[in-house]
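J.: This structure is in structure tokens; I'll ask about it shortly.
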Amino acid sequence: MAAVQGFSSNMASGSGRAGIYPHRYYLNPILVRRILFIQELAIIFNRMKMRPLLFLLIVFVFFSESCKKPGCIGNAGPVSSQQRPLQPFQRLILEDNIDLELIQADTTKIEIIAPENIIPNIQTIMVGDELTISNDTECRWLRNTSEKIKARLYFKNFEKFDYNGSGNVSNTDTIKLNALYIKSDKGAGTIELTLEAAYTWTELFIENANLILHGSSNGCYTFTNPRAQTDMSDFKVKDMDIIYSGLADTHIWVTDKLNATIRYKGNVYYKGDPVITGTEFYSSGRLFKIP
6 MAAVQGFSSN MASGSGRAGI YPHRYYLNPI LVRRILFIQE LAIIFNRMKM
56 RPLLFLLIVF VFFSESCKKP GCIGNAGPVS SQQRPLQPFQ RLILEDNIDL
106 ELIQADTTKI EIIAPENIIP NIQTIMVGDE LTISNDTECR WLRNTSEKIK
156 ARLYFKNFEK FDYNGSGNVS NTDTIKLNAL YIKSDKGAGT IELTLEAAYT
206 WTELFIENAN LILHGSSNGC YTFTNPRAQT DMSDFKVKDM DIIYSGLADT
256 HIWVTDKLNA TIRYKGNVYY KGDPVITGTE FYSSGRLFKI P
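Counting in my numbering, the sequence shown runs from 6 upward without gaps.
Structure representation (structure tokens):
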């Protein structure tokens, strides 16, 4: 295999973002204040030699107040399902630990599959043409990690997907769209989709999302941060503009034109016979043609 030559620079520019990595899990600020207050009470009670039973009663009251939502504490119940009608949307925002299956159909609705006491906490909120799916359980750090939440989303069409969760995203059959923009600011799971789109735009920022695409697109722009991974070896693209900052290697399939900027150690391996319209290298990663 032969490396495609280019030029290097001391400074990268373009789609990269700077910032502090967000914590994926966090405590509710109200709950934190109550925990600190309980710690102070424990010190006072110890000094006053008050009965442990009274102290435990106060702790129970405080935590019960913090965990009002169904499924926050106690048994999550058997797995159940609930269907909800939805209005058509153009932007989809996915948060938290929800596995999502995308199904292109003539109607717009969602089916939630989860323990029955958790289902009321799964929010499906429409604001204008934006649909946000999230898990509103406040005490997730107390829950059993084996409890799974899955959503089946039926839709006609949408254009933008904001992935900020830790669940996996998949689809049944091929999704046919005019254009699709996939953006991950803090996603930490796997998106694996089969598409037929006139244009595809993907940007993976900050966290360690994994993007796998199948199908085809006339045009594709893609940006990948150092922690994320992409695989487009089964995604046939006519014209591609790739900015790759990954640590691991990636594979793409391009037929007509390819412009590649490689910013870090990961190599970009491409198949097809595109015209290389430009290359830029900022570290040890290179562009290689494979059969």
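For glycine and all other residues, C-beta sits at the position ideal for the given N, C-alpha and C.
Fair warning: this is a prediction, and the values are worked out from it, not measured in the lab.
1) Among the candidates P120, G224, L105, whose CA atom is the shortest distance from the CA of F166?
2) For the putative contact between A184 and A202, defined by C-beta atoms under 8 angstroms, what is the C-beta separation to the nearest angstrom?
3) DSSP on N126, reduced to helix/strand/coil?
4) Can you tell me the Cβ-Cβ gap for L216 and L200, rounded? I've got them flagged as a contact below 8 angstroms.
5) Measure the Cβ-Cβ separation of S222 and Y204 and say whether it is below 8 angstroms.
6) Specify the secondary structure class of K288 as computed by DSSP and reduced to three states.
7) What does DSSP give as the partner residues of P90 in its beta bridges?
8) If contact is defined by three or more beta carbon pairs under 8 angstroms, each pair taking one atom from either stretch, is the region 122-134 in contact with the region 152-163?
9) Quick check on the burial criterion: 16 or more other C-beta atoms within 10 angstroms. Buried or exposed for D111?
10) If you reduce the DSSP assignment to three classes, tell me which class R157 lands in.
11) Go through the region 236-285 residue by residue and report every complete run of the beta strand (DSSP E) that reaches 3 residues or more, in order.
12) My output table needs one value for F163: the three-state DSSP class, helix, strand or coil.
13) Any contact of the region 113-127 with the region 167-174, i.e. 3+ C-beta pairs under 8 angstroms?
14) Could you compute how far the alpha carbon of K153 sits from the alpha carbon of A253?
15) If we cut at 8 angstroms on Cβ distances, does G133 have a partner in chain B?
16) What does the alpha-carbon distance come out to for the pair I117 and T177?
17) Reducing DSSP to helix, strand and coil, say where K191 ends up.
18) Return the chain-ordered list of same chain residues with a C-beta closer than 7 angstroms to the C-beta of P231, the five sequence neighbours on each side being excluded.
19) For N102, report the span of its beta strand (DSSP E) as first-last.
20) Between I247 and the rest of its own chain, which residues show a CB-CB distance below 6 angstroms, the 5 nearest in sequence each way excluded?
21) Beta-carbon separation of T229 and L209 under 8 angstroms?
22) Pick from T260, Y275, K243: whose alpha carbon is nearest that of T235?
23) Is it buried or exposed for Q87, if we count other Cβ within 10 angstroms and need 16 for buried?
24) Consult DSSP for F293 and reduce its assignment to one of helix, strand or coil.
25) Under the three-state reduction of DSSP, which class applies to G224: helix, strand or coil?
26) By how many angstroms is the C-alpha of E197 removed from the C-alpha of V242?
27) Distance, Cα to Cα, K191 vs T207?
28) Could you give the residue range of the beta strand (DSSP E) that holds T137?
T.: Put simply:
1) The count along the sequence shown starts at 1 and reaches residue 166 at position 161. The residue with the shortest Cα to Cα distance from F166 is L105.
2) For the purposes of this step, residue 184 is taken as residue 179 along the sequence shown, with counting starting at 1. For the purposes of this step, residue 202 is taken as residue 197 along the sequence shown, with counting starting at 1. About 6 angstroms; that satisfies the 8 angstroms criterion.
3) As a position in the sequence shown, residue 126 is number 121, starting the count at 1. The answer is helix: DSSP assigns N126 an H, G or I state.
4) Here residue 216 refers to the residue found at position 211 when the sequence shown is read from its first residue. Here residue 200 refers to the residue found at position 195 when the sequence shown is read from its first residue. That belief does not hold up - the Cβ atoms of L216 and L200 are roughly 12 angstroms apart, past 8 angstroms.
5) Stepping through the sequence shown from its first residue, residue 222 is reached at position 217. Stepping through the sequence shown from its first residue, residue 204 is reached at position 199. For S222 and Y204, yes; Cβs fall inside 8 angstroms.
6) Counting from one through the sequence shown, the residue named residue 288 turns up at place 283. As written in the sequence, residue 288 is Ser, which differs from the Lys given in the question. In the three-state scheme derived from DSSP, where H, G and I count as helix and E and B as strand, S288 is classed as coil.
7) In the sequence shown, the residue the question calls residue 90 occupies position 85. According to DSSP, which records beta bridges pairwise, P90 is partnered with K114.
8) yes
9) Here the question's residue 111 lines up with position 106 in the sequence shown. D111 should be labelled exposed.
10) Within the sequence shown, the letter at position 152 stands for residue 157. R157 falls in the strand class under three-state DSSP.
11) 255-267, 273-276
12) Indexing the sequence shown from 1 puts residue 163 at position 158. Residue state, collapsed to three classes: coil.
13) no
14) Translated into positions along the sequence shown, residue 153 becomes position 148. Translated into positions along the sequence shown, residue 253 becomes position 248. In a straight line, the C-alpha of K153 is about 29 angstroms away from that of A253.
15) Any reference to chain B falls outside this structure, which holds one protein chain only.
16) Counting from one through the sequence shown, the residue named residue 117 turns up at place 112. Counting from one through the sequence shown, the residue named residue 177 turns up at place 172. Approximately 16 angstroms between the Cα atoms of the pair.
17) As a first step, residue 191 is located in the sequence shown; it is residue number 186 there, counting from the start. The answer is coil: DSSP assigns K191 none of H, G, I, E or B.
18) To locate residue 231, count along the sequence shown from 1; it is residue 226. Around P231: S250, G251, L252, Y269.
19) Locating residue 102 in the sequence shown gives position 97, where the first residue counts as 1. Counting along the chain, N102 falls outside any beta strand (DSSP E), and DSSP gives it neither H nor E.
20) Along the sequence shown, read from residue 1 onward, the residue named residue 247 stands at position 242. Correct list, in chain order: T227, A265.
21) Taking the first residue of the sequence shown as position 1, residue 229 is located at position 224. Taking the first residue of the sequence shown as position 1, residue 209 is located at position 204. Contact flag set, yes.
22) Counted from its first residue, the sequence shown places residue 235 at position 230. Of the candidates T260, Y275, K243, the one whose C-alpha sits nearest the C-alpha of T235 is Y275.
23) Along the sequence shown, one-based indexing puts residue 87 at 82. When all chains shown are included, Q87 counts as exposed.
24) Looking up residue 293 in the sequence shown gives position 288. Here F293 sits in strand by DSSP.
25) As a working mapping, residue 224 is identified with position 219 in the sequence shown. Strand, per DSSP.
26) Position 237 of the sequence shown holds residue 242. Position 192 of the sequence shown holds residue 197. Cα to Cα, the separation comes out at about 17 angstroms.
27) Translated into the one-based positions of the sequence shown, residue 191 becomes position 186. Translated into the one-based positions of the sequence shown, residue 207 becomes position 202. K191 and T207: Cα-Cα distance of roughly 14 angstroms.
28) One-based indexing of the sequence shown puts residue 137 at position 132. Run containing T137: 135-140, per the beta strand (DSSP E) assignment.
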